[in-house]
Amino acid sequence: MPELPEVETVKRGLRRLIIDRKIIAAVSDNPKSFPNAARDVSQFLINATVTDVRRRAKVLMIDLSTKYTLVIHLKMTGQLVFVDHGARFGAGHPNDSLVNNLPDKSTRVTFDLGNKSHLYFNDQRKFGWVRLIPTAEVPNIDFMKRVGPEPLEADFTAEQFTERFTRRSRTTIKAAILDQSVIAGVGNIYADESLWGAKIHPSRLVGSITDAEFKLLYTEVRKVMNLSIEKGGSTNRNYVNAEGKKGSYMDFARVFRREGLPCPRCGTEIIKIRAAGRGTHICPACQLIGK
DNA sequence: CACTTGACCTGTCCGC
DNA sequence: TGCGGACAGGTCAAGT
């Protein structure tokens, strides 16, 4: 599921919904989804208050008054949905079926926030996880030590963007842009969308990309992900925000999952290929391999 | 080190 | 309808 815009959308929702709330209880049916010592949970999670919600790359952090943090990765199908059962949505409301039926069989962790409200960590494929660790140790986990810069930060320049790719010069641009140690937060949807925007074929070697093309790609990555945040992210399959609502970026997508439809720029039929081991969508006329 | 491939899971869709 | 295989928004640990 979630790439940077989706995780950012969940973060913004949780900030509104759970800051200052107290965690009364936490239960999980799957140790891989919530691999924490029972002792840590009872000492540092139960009765803790949420002080902040942050994001780094595709990782969410829920900071607690105990100086511990819930670090969460949604991977492909994770959801974090807050439900106030004291104000259930009536039949016909857009959130009726999504939210009123939680928990369901994909619910891996349930946090009880009191007053009949719960935060559900749902994850159909069980790739995601929630870990409780001291806040001060969050920057020391392997993922945080390796992850590259945030592409949407105001002070992140095209020159810095271009420079980050030199470490992956012998691989393809699609593999490199998906590599979280190069740039944080870009996944399969926004890789395809931004490469189309910059007219770069995903299978081209990084070493063949010119500075002008990198500059264009930098602009497209930021443009596409900022637009997606504005639209509440992409719901390709499972993704919903903290209120259980879908994002609408897919209505604005130009190539992703649009094989057989005309390229919005030149009208050529969009095709689906395999690049970096991932399904990849391109305009074969705009994005030339031999360039 | 840089790079590629398979593994981790469940569910859905598509062709026979 | 049923069944097998491919595939799905992401990382990792292995292998070369």
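Numbering (the working numbering), first residue to last: 415 to 705.
Ideal Cβ positions, reconstructed from N, Cα and C, are used throughout, including at glycine.
Asked: Helix, strand or coil: which one does DSSP assign to Ser436?; Found: It should be pointed out that residue 436 corresponds to Lys in this sequence rather than to Ser. Three-state result, Lys436: strand.
Asked: How about Ser447 and Lys519: do their beta carbons lie closer than 8 Å?; Found: no
Asked: Any idea which residues DSSP pairs Thr521 with across the strands?; Found: Asn536
Asked: Give every residue of the same chain whose Cβ lies closer than 8 Å to the Cβ of Leu516, excluding the five residues on either side of it in the sequence, and list them in chain order.; Found: Val495, Val497, His532, Tyr534, Asn536, Gly658
Asked: Start and end of the alpha helix (DSSP H) containing Ile696?; Found: Where Ile696 is concerned, there is no enclosing alpha helix (DSSP H), although the beta strand (DSSP E) it sits in stretches over 692 to 696.
Asked: Quick one: residues in its chain with C-beta nearer than 6 Å to the C-beta of Ala439, no 5 flanking neighbours on either side, listed in chain order?; Found: Asp526
Asked: Could you check whether Lys472 and Gly646 sit closer than 8 Å to each other, using their CB atoms as the reference points?; Found: no
Asked: Nearest-angstrom Cα distance between Phe570 and Arg468?; Found: 19 Å
Asked: Rounded to the nearest angstrom, what separates Ala589 and Lys530 at their Cα positions?; Found: 45 Å
Asked: Comparing alpha-carbon positions, which option in Gln493, Arg582, Thr483 lies nearest Glu551?; Found: Thr483
Asked: Hey, how far is the Cα of Pro563 from the Cα of Thr521?; Found: 32 Å
Asked: Which residue or residues does DSSP assign as beta-bridge partners of Ala689?; Found: Arg692
Asked: Look up Met475 in the DSSP assignment and give the residues it is bridged to.; Found: Arg468, Val485
Asked: Buried or exposed: which applies to Leu675, given that a residue is buried once 16 or more other Cβ atoms fall within 10 Å of its Cβ?; Found: exposed
Asked: What three-state label does DSSP hand Arg618 in the structure shown?; Found: coil
Asked: Quick check on this structure: which residue in Gln594, Gly601, Ala572, Ile614 has the alpha carbon closest to the alpha carbon of Ile587?; Found: Ile614
Asked: For Glu607 and Val654, what's the separation of their Cα atoms in angstroms?; Found: 20 Å
Asked: Could you pull out every residue in the same chain whose Cβ sits closer than 7 Å to the Cβ of Arg545, ignoring the five residues on either side in sequence?; Found: Pro449, Asn450, Val485
Asked: Could you tell me the distance, in whole angstroms, from the CA atom of Glu634 to the CA atom of Asp443?; Found: 41 Å
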